[in-house]
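What follows is a short report on a single structure.
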Amino acid sequence: MRADLSHFLEEAPDLRRPIWLERYLPLLVVVTEVGYRYRGTGTDFWPVLASELGVDADHQFRLGVTGHFEEGHRIFGLARPGTSPWEQHFPLIAWPVGNALVPVEIQSRLADALRRAIRSGISADEPEALLNQVAILAAGHGSIRFENWLRQEVTASEIMRRLLLPDATGWLSEGILRRIDADIRKDPVAQRAMADARSLVVRKSGRSTDFPASRLFLRMSGGVPVGAFIRGPALPMHLRVEVISAMRILNDRLRVSGSDNVVSLHSFLAGGDILLPDLHNIPSNPLRRDDMTPLANDSDPILGKMQPRETSFFQVEDEDQMARAIFPGDSIPASASVIETLPAGPDDLPRFRRFSASVETDASYLRRQGFRLTGAVTDPGVIGLPMPGAGSTFSTTFPVFVKPGVSIAFPQPSGNNRPVSPASPGGRTPLAFFLDAGTHTAIRPLSADGKSDENLSFAMVEPAELRPATISVLPAKATLDDLRKGNLEIRIHAPVAVDSVSVILRLTSASHPEISSATVIDRLPKTLTGHSPVFDPLRAGLAENAYRISGAQLTIEAPGFLPVRISLPPVPRELHYSPVDNHWAANDGETKSFSSLSASPTSPLLASTNEDDGFRLLLPLAPDMDALPAGIVRSPEGAMRPGSVTIQDVNLPPLLREQDSRAGTAGLTDIVRSGLAWQMAGADNLLTEWCRRSVADKLEFAAVGLLCGKAWQKIDETIDRSALTQHGALLRRAQQLGLISGEDLPVVDDSADRMFLRDRLLTRVTAIVPDLSHSLEYWAKDVADNLDLAVIEAYEDLRLHQQASGRESFDDVDISRPEANWQRALVEARDMPLLSMFRPYILPAARWEALRNPFYEGLTEDDLVDLLDESHVDASRRSGMRRLGRPELRSLLQLWLSPRLLIESSDWPATLNRCLSDPHSARAVRYAALRYRLARQDIPDRSAL
């Protein structure tokens with residue numbers, strides 16, 4: 036059309052000629068197409084159109100196009116421009132831009148607004164409510180064109196509904212919707228937002244359906260069961276989505292009673308496994324929700340149907356490596372081996388009995404138990420990528436190979452099986468097919484004339500979304516400083532959930548001996564953040580040599596993965612300190628030098644002079660962008676000799692809840708600026724690093740106190756990694772409530788003894804209450820009595836440990852704590868991973884619920900800003916400009932998660948100052964940052980009692 040139109044314009048360039056009155060619609064189509072793709076400001080529209088049509092788009096040509104648009108509006112109802120400032124400033128191009136269905140420029144904003152609207156609870160089946168909500172959200176996108184587009188209510192409602200429900204019907208053609216959808220997918224951000232919105236729509240429209248239950252399996256070693264696990268049903272994709280939608284479990288994860296083992300519903304319903312903690316005591320309904328919320332009425336029957344059936348019989352499979360649960364009425368091959376579990380003996384250990392169906396006495400016993408014995412199972416003659424499940428189960432992502440002489444039959448509407456592609460008679464080459472999910476039949480002739488056939492079934496299953504087996508390191512250009520400060524991350528992904536994976540880290544250098552560390556990861560995928568214990572030996576090993584080494588390389592090894600080796604150079608600094616003249620020099624080739632700012636633990640705020648001879652932070656007196664990341668912490672001479680130095684307490688001046696400091700008090704800007712300098716500074720040895728971290732933490736909590744209040748700060752300072760597990764949280768709450776300490780219990784001063792006692796308490800308490808929710812649901816007084824006994828036995832373990840090492844110890848202990856206090860500790864510990872102690876400080880309740888529920892481990896920092904913006908309640912409570920907008924929310928989040936990104940903004944002091952006027956929003960951001968760091972285990976371990 037464009038080529039024909041260009042040729043016609045050569046013959047009739049004057050758009051006012053009568054011949055154009057019958058032929059102007061193709062011209063409007065091409066002009067509107069330019070408006071659809073147009074992203075400019077208004078000054079470069081006509082040059083683009085002139086280039087595409089090969090014409091001179093002068094003023095008369097532009098007026099002619101506009102005149103034909105007005106004619107189209109009169110006859111065909113084309114959209115007329117509105118009265119917004121942009122449309123009044125560019126009245127000519129407002130016609131083609133306004134008539135483009137969904138201009139490319141607004142597509143990302145539309146996708147984001149749809150995601151936020153669906154998240155807020157609006158249904159895709161309510162077009163009027165959806166349009167109103169998107170119009171409200173559009174005010175925060177800063178796009179006048181997007182707001183103008185939403186005024187075309189009929190068109191906007193139809194497009195939004197069809198984008199969210201691709202299978203719905205309407206007056207827009209499928210071709211138009213496919214093109215708009217394809218263009219949205221070209222923008223990664225818009226594609227993700229649209230995918231999230233559609234998945235939320237599917238979840239809200241999910242319905243319960245029938246599906247098979249999960250199944251118990253035994254793990255075998257040497258012919259004896261050594262463990263147990265549950266394997267989920269291998270459901271097709273559409274049924275998997277329906278079940279997940281109907282269950283409505285936060286984070287889409289299941290766990291098992293008495294264990295921290297969790298599994299993704301997506302992988303579990305595709306045949307994935309989850310380990311049981313104890314083979315000796317398998318609960319009747321082991322599967323539980325992972326969101327720690329009360330079971331909703333509509334999800335009870337679904338979870339009940341998913342529970343594995345109880346049985347005492349297991350058929351041995353996979354070359355004696357595992358055994359599958361079987362039930363009366365099942366068919367057993369005549370050559371199968373069966374294990375029967377017997378009641379536990381006097382020693383509380385399980386007992387087993389093994390049968391062979393090929394032995395007549397054993398076969399007779401199995402028949403009496405209700406099992407049917409059949410002939411040996413014949414190979415169906417089909418080979419594919421195996422999937423979990425009974426019998427022949429293959430993945431739909433890989434073709435199946437059919438052996439010669441075998442054909443595949445599909446069920447037809449008439450109920451007959453029709454061979455699709457039988458192998459040629461006498462052929463020796465297997466045939467390959469891609470088959471849909473479901474049960475299929477392989478037909479193999481048993482007689483030479485083909486009159487007698489054997490029909491064997493096999494299943495095709497759609498696997499869960501898999502990620503390749505990879506090891507990645509973040510940041511991409513990591514330095515020794517990142518390793519030292521805990522900024523280094525190792526992400527290990529596997530296509531399936533793998534348990535007990537050994538990981539070895541090796542730090543090598545040409546001039547220093549190798550430093551290694553090893554750990555065992557409980558389950559993949561996993562992110563090892565910089566504060567993971569596996570990094571501690573590397574940091575400690577560096578202290579024995581020069582802390583800054585050159586040519587360092589870090590190697591990560593794990594079984595089944597290709598080793599990853601990265602270089603860790605010293606941190607590049609734009610400004611270098613000269614201790615001779617106490618000045619800083621730039622390395623950009625120019626002759627610039629800067630004097631120093633200084634700070635110390637006794638005076639941690641940056642000042643021009645500081646006479647302290649102990650630990651000192653030195654910083655160049657340069658603009659913040661250059662100065663803050665360039666600081667160094669220097670230790671006094673001989674500080675690395677044990678006992679030669681004492682670290683002073685961090686002394687802060689009185690704090691002032693204002694932006695600037697005055698009259699001997701410290702304001703927010705000086706506290707944050709000094710805290711960022713201490714946080715990003717380098718250190719020359721491990722002791723200096725410890726000093727730097729202590730001061731940085733003190734300043735961080737001071738900023739938290741100014742922004743969130745003293746009450747919040749007091750709780751915030753106690754958060755550590757013990758809140759990650761329910762039993763660690765239980766010990767924390769028990770300590771705070773005086774259940775495991777007090778006047779009637781000895782005081783443990785030695786740090787090694789405290790850690791020993793904590794480990795013994797954790798072991799014994801876990802044995803009493805393996806699952807906190809289950810224990811609370813069936814609470815009884817004997818649970819509290821057993822917990823008192825567990826504390827007594829843990830202290831007895833410590834007493835014997837001290838005596839065995841030749842030390843004087845305490846006398847026998849005996850305690851009795853109130854039952855209500857133990858019950859309170861369990862309730863609060865169950866909710867501690869959600870940081871429920873902050874609930875009274877985050878208002879209103881709707882904001883708390885919005886921030887409490889998300890699965891933080893799967894969010895990015897941009898997602899956190901979206902979440903905070905959606906749940907934001909402004910302190911001003913007035914229409915119009917918000918007191919705190921997205922820039923302030925992002926700056927607060929970067930203060931606690933990404934300080935380097937914060938200082939790139941020159942106006943960060945003013946942005947943070949506005950947050951002082953709204954402590955409720957500051958608390959919401961701090962809560963989201965803490966949950967994000969806890970989910971990634973990116974908080975130092977301060978959990979010793």
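Everything in the sequence shown is counted per my numbering, starting at 36 for the first residue and increasing by one.
All C-beta atoms in this analysis are idealised placements derived from N, C-alpha and C, irrespective of residue type, glycine included.
| query | result |
| --- | --- |
| Beta-carbon spacing of Lys865, Leu811 below 8 Å | According to the sequence shown, residue 865 is Arg rather than Lys. Taking 8 Å as the Cβ cut-off, Arg865 and Leu811 qualify as a contacting pair. |
| Secondary structure of Glu352, DSSP reduced to three states | strand |
| The segment 834–844 contacting the segment 738–748, beta-carbon criterion three pairs below 8 Å | no |
| Beta-carbon gap between Thr476 and Asn490 smaller than 8 Å | yes |
| Beta-bridge pairing of Glu724 - partner residues as DSSP gives them | Beta-bridge pairing links Glu724 to no other residue. |
| Glu497 classed as buried or exposed, judged by whether at least 16 other C-beta atoms fall within 10 angstroms | buried |
| Local conformation of Gly461 per DSSP, three classes | Because the pLDDT at Gly461 is just 46, under 50, the model does not fix this residue reliably, and the point stays unresolved. |
| Same chain, Cβ closer than 6 Å to Met36, five either side skipped, listed in chain order | Pro61 |
| For Gln588, the residue or residues it bridges with in DSSP | Thr543, Ser602 |
| Host beta strand (DSSP E) of Ile877 (start-end) | Neither: Ile877 is in no beta strand (DSSP E) and is coded neither H nor E. |
| Spatially closest choice to Ile974 from Glu345, Asp755, Ser952, Leu928, by CA coordinates | Asp755 |
| Bounding residues of the alpha helix (DSSP H) (the contiguous stretch that carries Ser631) | That residue, Ser631, is in no alpha helix (DSSP H); its beta strand (DSSP E) goes 631–635. |
| Simplified DSSP state of Ser956, which is helix, strand or coil | helix |
| The segment 210–226 contacting the segment 128–148, beta-carbon criterion three pairs below 8 Å | yes |
| Glu395, buried or exposed, once every other Cβ within 10 Å from all chains shown has been counted against 16 | exposed |
| Where Pro639 sits in the DSSP three-state scheme | strand |
| Extent of the continuous beta strand (DSSP E) run through Leu509 | 505–509 |
| Any 3 or more C-beta pairs closer than 8 Å across the segment 560–573 and the segment 515–531 | yes |
| Residue closest to Leu652, alpha-carbon to alpha-carbon, out of Gly710, Tyr71, Ser347 | Gly710 |
| The beta strand (DSSP E) enclosing Pro922, as first and last residue numbers | Note, Pro922: premise wrong, no beta strand (DSSP E); alpha helix (DSSP H) at 921–932. |
| Coil, strand or helix - Gly175 by DSSP | Note that Gly175 scores 47 on pLDDT, short of 50, meaning its location in the model is unreliable; the coordinates nonetheless yield the value given after this. Of the three classes helix, strand and coil, the one that applies to Gly175 here is coil, per DSSP. |
| Burial state of Gly210 (16 or more Cβ within 10 Å) | exposed |
| Any non-hydrogen atom of the ligand FAD within 7 Å of Asp93 CB | Inclusion of the ligand FAD in the displayed structure is not the case, the ligand content being empty and no account of it being possible. |
| Extent of the continuous alpha helix (DSSP H) to which Val66 belongs | 59–72 |
| Integer-rounded CB distance, given that Arg266 should sit under 8 Å from Pro260 | The pair is not a contact, with the Cβ atoms about 15 Å apart (cut-off 8 Å). |
| Three-pair Cβ contact test at 8 Å for the segment 825–839 versus the segment 787–801 | yes |
| Spatial neighbours of Leu878 in its chain, beta-carbon cut-off 6 Å, leaving aside the 5 residues before and after | His955 |
| Paired residues, beta bridge with Tyr612 - DSSP | Trp619 |
| Buried or exposed (CB count within 10 angstroms, at least 16 for buried), Val508 | buried |
| Where Glu693 sits in the DSSP three-state scheme | coil |
| Sequence-distant residues of the same chain with beta carbon closer than 6 Å to Trp931, five excluded per side | Ala964 |
| Pairwise C-alpha distance: Glu140 and Ile9 | Past the boundaries of the shown model lies residue 9; the chain is included only from 36 to 980, so the question cannot be answered. |
| Close-in-space but distant-in-sequence residues of the same chain around Val986 (CB under 7 Å, 5 per side omitted) | What is shown of the chain runs 36 to 980, which leaves residue 986 out entirely. |
| Nearest-angstrom Cβ-Cβ length linking Gly763 and Met715, presumed shorter than 8 Å | Incorrect: roughly 31 Å between the Cβ atoms, too far for contact. |
| Cα-Cα separation, Arg453 to Glu345 | Here Arg453 scores only 40 on pLDDT, less than 50, and its place in the model should not be relied on; the value that follows carries that caveat. For Arg453 and Glu345, the distance between alpha carbons rounds to 39 Å. |
| Proximal residues to Gly364 (C-beta, below 8 Å), its chain only, five neighbours per side dropped | Gly405, Phe406, Arg407 |
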